[in-house]
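Numbering-wise (the UniProt record's numbering), the sequence shown opens with residue 1 and increments by one.
Virtual Cβ for every residue (Gly too), placed ideally from N, Cα, C.
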Amino acid sequence: MEREQEELFSKRVRAGKRTYFFDVRTTKANDYYLTITESKRKPKDDGFTFEKHKIFLYKEDFNKFVNALNESVEHIKTDLMPEFDFTQFDRDEDDDSSWD
């Protein structure tokens, strides 16, 4: 299987046993897309294994995806859990961004 195209930018978000990777990549035709990977650590034998799930997001879908994500999160925050203090989860992480 051919290796994925060149990675131009990467952001890692740690979330408990899960880690999310947001990777901007380029195609052979010099177009750009985003891969979002969820990596979940699971115990296996004497160590760990990682279960991965990946979404490929292309430029024509960026706005629709971001809008749906924001609307969904806002619905949870304002309609389903209005009294919950989500700021308790705010924290500065190490800057995991990288550019080539």
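CA-to-CA distance, residue j to residue i, given in whole angstroms
i, j, result
"T19", "K54", "12 Å"
"T49", "V73", "30 Å"
"F56", "K11", "15 Å"
"E7", "R91", "27 Å"
Among the options, the one whose alpha carbon lies nearest that of residue i
i, options, result
"N30", "V73, K59, F89 and N63", "K59"
"F89", "G16, T78, K42 and V24", "G16"
"D61", "R14, Y32, I76 and T87", "Y32"
Local Cβ density within 10 Å of residue i, reported as buried at 16 or more and exposed below that
i, result
"E83", "exposed"
Beta-carbon gap between residue i and residue j smaller than 8 Å
i, j, result
"F86", "K77", "yes"
"K44", "E51", "no"
Evaluate contact between the stretch 8-26 and the stretch 36-48, counting only Cβ atoms and requiring at least three cross-stretch pairs below 8 Å.
By the Cβ criterion, the stretch 8-26 is in contact with the stretch 36-48, since at least three pairs of Cβ atoms, one from each stretch, lie closer than 8 Å.
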